[in-house]
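> Residue numbers (our numbering): 93 to 251.
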Amino acid sequence: MIKNEHQYKTTRKLAVELEVALATLPNNSEFKALPRLMQKAHTSSLKRQLAQHYNETREYELLKAGEFNFDKVPSFENIAIWLIQARIAKGLRQEDLARLLKLRKQQIQQYEATDYASASLHRLEQVFAILRSCSPSHLVQQGVKHRQKASAALRIRRT
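1. Considering only C-alpha positions, which residue in the set His214, Ala181, Ile171 and Leu223 is nearest to Thr206?
2. Beta-carbon within less than 6 Å of Tyr208's beta-carbon, same chain only, minus the 5 sequence neighbours each way: which residues are those?
3. Report, in whole angstroms, the separation of the C-beta atoms of Arg224 and Phe123, which I expect to be a contact under 8 Å.
4. Under a Cβ-count criterion, where at least 16 other Cβ atoms within 10 Å of its own Cβ denotes burial, should Glu109 be classed as buried or exposed?
5. Under 7 Å, do Thr103 and His145 count as touching if we go by C-beta distance?
6. Looking at Arg179: is its Cβ nearer than 7 Å to the Cβ of Leu189?
7. Just to confirm my understanding: we take Ala181, look at its own chain, exclude 5 residues before and 5 after, and list those with CB closer than 6 Å. What are they?
8. Run through DSSP, which three-state label would Tyr146 get?
9. Within the same chain, show all residues whose beta-carbon is closer than 7 Å to that of Gln131, passing over the 5 residues directly before and after it, in chain order.
10. Check whether the Cβ atoms of Gly106 and Leu138 lie closer than 7 Å to each other.
11. Hey, could you find the ends of the alpha helix (DSSP H) Thr102 is sitting in?
12. For the alpha helix (DSSP H) containing Ser225, list its first residue and its last residue.
13. Please list the segments of the beta strand (DSSP E) lying wholly inside the segment 131–217, counting only runs of 3 or more residues, in order along the chain.
14. Would you mind sorting Leu177 into buried or exposed? The rule is 16 or more other CB atoms within 10 Å of its CB.
This is the structure in structure tokens:
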């Protein structure tokens, strides 16, 4: 599962590389020298990897477009995936969620990298509540307030 914009860009780049590899494979002398069965296995493997990358990027793009059922509460073992997908679908970056929780961006990165394994039940409840209740307009309002405070702090430091 793609969890952030960096992973999305990397996955898209890998998909392009796989497409090029598949397109140039028939002209590759080393590939031609392989037994027919090995050629078929290699081609099949590349196609499966490419399909997986396409599926993951499509899922991420749908989430970014807001395609997500916020009313469907996940089972406990799927809570981490739900939290990440909900964050993406709300249009929140990891740093945005961190700001709403009054945490550092690195903490959200750590939670997501480990599928929230180190998060307490209380923290999971906080994240869940924010993602279920925040409307996009509320998030924009929070972002405006945050930027205004940051601008004010910069003006104070300059004087």
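The beta carbon of each residue, even a glycine, is placed where N, CA and C say it ideally should be.
The structure presented is a predicted model; accordingly, all values stated were derived computationally and were not measured.
Checking against the coordinates, here is how it stands:
1. Among His214, Ala181, Ile171 and Leu223, the Cα nearest to that of Thr206 is on Ile171.
2. Counting only residues of its own chain and dropping the five nearest sequence neighbours on each side, Tyr208 has a CB closer than 6 Å to the CB of Ala172.
3. Between the beta-carbon of Arg224 and that of Phe123 there is about 51 Å, and that puts the pair past the 8 Å contact cut.
4. Exposed: under 16 other Cβ atoms inside 10 Å.
5. It is a contact, given that the beta carbons lie within the stated cut-off.
6. Yes. Within cutoff.
7. Leu155, Gly158 and Phe160.
8. Secondary structure at Tyr146: helix, using DSSP grouped into helix, strand and coil.
9. Hits under 7 Å: Phe123.
10. The residue asked about is misnamed: residue 106 is Leu in this sequence, not Gly. For Leu106 and Leu138, no; Cβs fall outside 7 Å.
11. Unbroken alpha helix (DSSP H) run through Thr102: Glu97 to Thr116.
12. Where Ser225 is concerned, the enclosing alpha helix (DSSP H) starts and stops at Leu213 to Ser225.
13. Runs of the beta strand (DSSP E) inside the segment 131–217: none found.
14. According to the sequence displayed, residue 177 carries Gln and not Leu. Classification of Gln177: buried, given that the 10 Å Cβ count is 16 or more.
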